[in-house]
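Numbering (the working numbering), first residue to last: 126 to 193.
As structure tokens, then:
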């Protein structure tokens, strides 16, 4: 896991709230889907976050960090 990433300018500290967004095509329209969890880490392919009591690995090609 890394604390820096050459492709993303912001990597949060472990345990802080992390907001992610992706775009999904539903019924002929593009809609945003968001997820909020505690940042646990990342590698070159995944964001690793805790959502409630679950740890999830999200594909970085699909999910992007954002500030609400």
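In this text, a Cβ means the ideal position worked out from N, Cα and C, and glycines have one as well.
Being a predicted model, the structure only gives us computed values, none of them experimental.
In the structure shown, residue 174 falls within a strand segment according to DSSP collapsed to helix, strand and coil. If you draw a straight line from the Cα of residue 193 to the Cα of residue 165, it comes to about 19 Å. DSSP places residue 136 outside any beta strand (DSSP E), giving it a letter other than H or E.
Take the alpha-carbon of residue 179 and the one of residue 153: they are about 31 Å apart. Taken atom to atom, the span from the alpha-carbon of residue 159 to that of residue 146 is near 4 Å. For residue 164, the enclosing beta strand (DSSP E) stretches over residues 154 to 167.
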